């Protein structure tokens, strides 16, 4: 199993600012996944972060808007840059050490 | 673009009733998972199915993977208020490590 913690759990931000979300896992994992869940909707994969290499972004997501760091096998950060109200979402970190995918509790972001 | 459509989108039922949630796609998946998400938490994995026609049971929950591995269903018998939540299916195609999530079914079970 894997236990994932995220910081902050929630935040209210002003448009034009940036927020960095931290994800900590209690075991070493090769890949970490970042998802966005807009209000009342399902999960959309933003990017996959591997340690020691640049993150792989999904269609519609770019590094300038969502820079990701992966300094070691247990930690990653996702930054939401130059925020607008459309970025208001829950951001979830996830890992899949074997066949089971585990999710963090999410970071609830509101952009005013 | 792969798409996983879930139906119904919303469901409100009385405690003790049965229900079925469907997850459909035009794509073939090598594996399909079902999750439940409660408010303020991340999704929690309920089951993984990998073989066409496979049926798995988890207490009052029965999961089926379609023969062609393009669809799946989740049946809940005698629903309880604790079953309330957002149910998500997620599929992975051969050769990829990524899971595509379904559109979600929000279930509310009333006492």
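Protein chains in written order, with my numbering: chain A, 565 to 676; chain B, 186 to 296.
No residue lacks a Cβ here, since even glycine has one placed at the ideal position from N, Cα and C.
Keep in mind it's a predicted model, so treat the numbers as computed, not measured.
CB contact below 8 Å: residue i versus chain A
i                      : result
residue 241 of chain B : no
residue 286 of chain B : yes
residue 207 of chain B : no
residue 230 of chain B : yes
residue 226 of chain B : yes
residue 196 of chain B : no
residue 217 of chain B : no
Cα-Cα separation between residue i and residue j, rounded to whole angstroms
i                      : j                      : result
residue 657 of chain A : residue 231 of chain B : 18 Å
residue 599 of chain A : residue 202 of chain B : 33 Å
residue 575 of chain A : residue 625 of chain A : 21 Å
residue 621 of chain A : residue 296 of chain B : 44 Å
residue 197 of chain B : residue 623 of chain A : 34 Å
residue 229 of chain B : residue 649 of chain A : 28 Å
residue 631 of chain A : residue 664 of chain A : 26 Å
residue 601 of chain A : residue 213 of chain B : 24 Å
residue 640 of chain A : residue 267 of chain B : 33 Å
residue 233 of chain B : residue 651 of chain A : 31 Å
residue 207 of chain B : residue 660 of chain A : 25 Å
residue 591 of chain A : residue 246 of chain B : 30 Å
Element boundaries [beta strand (DSSP E), containing residue i]
i                      : result
residue 584 of chain A : 583-589
residue 672 of chain A : 671-675
residue 216 of chain B : 216-222
residue 197 of chain B : 195-199
Chain B contacts from the segment 594-617 of chain A (Cβ-Cβ distance under 9 Å): 595, 597, 599, 601, 604, 605, 606, 607, 608, 609, 612
Every unbroken beta strand (DSSP E) inside the segment 590-621 of chain A [3 residues or more]: 595-601, 607-614
Positions along the segment 657-670 of chain A whose CB lies within less than 9 Å of some CB in chain B: 657, 658, 660, 663, 664, 665, 666, 667, 668, 669, 670
Where the segment 253-286 of chain B meets chain A: residues whose CB sits under 9 Å from a CB there: 271, 273, 275, 282, 283, 284, 285, 286
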